[in-house]
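Enquirer:
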Amino acid sequence: MTPTIVHAVAIAVVHRSGQWLVARRPDHVHLGGLWEFPGGKSHDGETPSEAALRELLEECGVTAVATAVLTTLSVDYPDRRVLLTPVLCDWRGGEAQPLASAACRWVTDGELDALEMPEVNARVIAEARRRRDSP
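Residue numbers (our numbering): 253 to 387.
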């Protein structure tokens with residue numbers, strides 16, 4: 253059965269000097285305790301880039317510039333469908349702090365691979381690295 257609740261979610265895949273910004277979800281929410289890229293539901297009229305940058309500031313106190321929309325992925329959970337749009341961003345300012353997350357931190361590629369993240373993030377990470385490494 254296809255979930256009937258659909259959420260448009262944008263995430264900020266932020267890169268700074270060889271590191272990626274990640275946030276840990278609070279334990280009491282859906283997918284609690286997992287690491288993720290900062291993001292959240294898009295507001296009416298917002299582009300994915302606008303939503304990702306807004307959520308980044310709200311969740312981690314960081315500013316960035318959006319450089320590319322990577323893709324849009326449809327992810328089904330038992331109670332909802334999420335249309336996930338990852339936005340590749342370059343850091344501009346602010347120190348990562350957990351304003352709406354359990355934790356925020358910068359990690360290297362190797363550390364990113366070792367984090368427990370939602371399954372869909374493997375596709376997001378692969379595309380972000382491909383874009384980062386392309387001329």
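Even glycine gets a Cβ: it sits at the ideal position worked out from N, Cα and C.
(1) If you follow the alpha helix (DSSP H) that P300 is in, where does it begin and where does it stop?
(2) Could you please give the first and the last residue of the uninterrupted alpha helix (DSSP H) stretch that includes A378?
(3) Taking contact to mean 3 or more Cβ pairs, one atom from each stretch, closer than 8 Å, check whether the segment 355–372 and the segment 267–282 are in contact.
(4) Check whether the Cβ atoms of V327 and V317 sit closer than 8 Å, and answer yes or no.
(5) Could you tell me the boundaries of the beta strand (DSSP E) in which A262 lies?
(6) Kindly examine the ligand PLP and report whether one of its heavy atoms sits closer than 7 Å to the Cβ of R276.
(7) Taking the beta carbon of A304 as the centre, do at least 16 other beta carbons fall within 10 Å, making it buried, or is it exposed?
(8) At which residues does the alpha helix (DSSP H) containing L364 begin and terminate?
(9) Taking the straight line between their C-alpha atoms, what separation do you get for I263 and I257?
Expert: On the basis of the coordinates in this document:
(1) Start at 1 with the first residue of the sequence shown, and residue 300 comes out as number 48. Taken as a continuous stretch (DSSP letters only), the alpha helix (DSSP H) holding P300 covers 300–312.
(2) For the purposes of this step, residue 378 is identified with residue 126 of the sequence shown, where counting begins at 1. Residues 373–385.
(3) yes
(4) In the sequence shown, the residue the question calls residue 327 occupies position 75. In the sequence shown, the residue the question calls residue 317 occupies position 65. No; because the gap between Cβ atoms is not below 8 Å, this pair is not in contact.
(5) Along the sequence shown, one-based indexing puts residue 262 at 10. 258–268 is the span of the beta strand (DSSP E), which, as asked, contains A262.
(6) As for the ligand PLP, it is missing from this structure, which has no ligand bound.
(7) As a first step, residue 304 must be located in the sequence shown, where it is residue number 52. A304 is buried by the Cβ-count criterion.
(8) As a working note, residue 364 is residue 112 in the sequence shown. Start and end: 361–366.
(9) Position 11 of the sequence shown holds residue 263. Position 5 of the sequence shown holds residue 257. Spanning the two alpha carbons is a distance of roughly 19 Å.
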